[in-house]
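Notes to accompany the following structure.
Numbering (the numbering used here), first residue to last: 50 to 297.
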């Protein structure tokens, strides 16, 4: 478990706020997504009486098509739109009830399969005790991201939540970062940004003047990155220990 302060001058004093990404930052996204997709593909195979592999192939096509058409917006991540278009690519007319059913199957399975990363709650408790504000900046639509936060029982920890749906564009656009800073009523150099995506979270945060902390998976520790954050870590216990040592 490693913490690397690349720009240690930025960590002389505690921040007034810490902003978090959600997916792959507070919890591991990939395992939940894989299980959720399997549930959708299995159910679709039965209800549509088609080959599961064919549905999966068309789902991938639909996802690419949707993202190309409405890139950099919250709706470009919509499972509802992916599933609707998948069914149409299979030669069916729009199937509203089935689309809604499969989308709910996805998110129900997804949430049941999610687990917070270790020490996330402990860090949030510490920040609350220190009166350090907290916020979330996350892509995707508000309803889904709100459901995730509530599912984890974290709603009481975050002072503000900004989604790309609310801001009008995905990270690394400045819009969601500027909206979060406006809600927090703080300057960029008073805030940290923690995220797992070097382009969306780290470049986006840097472009707005935030101190950036890159949350990476342990398997990626030896990789060399062109984008340099102010710090990198792979376990929240390291951030918790850093906070405890810093001056107010």
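Just so you know, even glycine gets a beta-carbon here, dropped at the ideal spot from N, CA and C.
Residue 96 and residue 111 have their C-alpha atoms spaced approximately 19 angstroms apart. Between residue 200 and residue 163, the C-beta gap is smaller than 9 angstroms, which places the two residues in contact. The straight-line gap separating the alpha-carbon atoms of residue 165 and residue 83 is approximately 17 angstroms. Restricting attention to 62, 67, 54 and 58, the CA atom closest to the CA of residue 181 is found in 67. With contacts defined by Cβ atoms closer than 9 angstroms, residue 159 and residue 184 do not form a contacting pair. Residue state for residue 91 is assigned as helix, using DSSP reduced to three classes. Closest in alpha carbon position to residue 114, among 104, 77 and 125, is 125.
If you ignore the 5 residues before and after residue 216, its C-beta comes within less than 6 angstroms of the C-beta of 224, 225 and 228, all in its own chain and listed in chain order. Runs of the alpha helix (DSSP H) spanning 4 or more residues and lying entirely within the segment 190-242 occur at 191-200, 213-216 and 223-233, in chain order.
Out of 77, 189 and 167, the CA that lies nearest to the CA of residue 128 is found in 189. Boundaries of the beta strand (DSSP E) around residue 54: 52-54. Between residue 92 and residue 154 the beta-carbon gap is near 6 angstroms, inside 8 angstroms, which marks them as a contact.
Contact check between the segment 51-65 and the segment 130-143: fewer than three CB pairs, one atom from each, fall below 8 angstroms, which does not count as touching. Straight-line spacing of the CA atoms in residue 286 and residue 122 works out to 33 angstroms.
Annotated three-state conformation of residue 67 is strand, per DSSP. Straight across, the Cα-Cα distance linking residue 74 with residue 284 is about 10 angstroms. For residue 51, the closest alpha carbon among the candidates 77, 293, 178 and 266 is that of 266.
Between residue 261 and residue 237 the beta-carbon gap is near 11 angstroms, outside 8 angstroms, which marks them as no contact. Residue 144 sits in coil when the DSSP states are folded into three classes, being neither helix nor strand. In this structure, the beta-carbon distance from residue 243 to residue 234 does not fall below 9 angstroms. Within the model, the alpha-carbon separation for residue 255 versus residue 98 is close to 49 angstroms.
Less than 9 angstroms divides the Cβ of residue 172 from the Cβ of residue 292.
Distance check between residue 157 and each of 281, 193 and 220 places 193 closest, using alpha-carbon atoms only.
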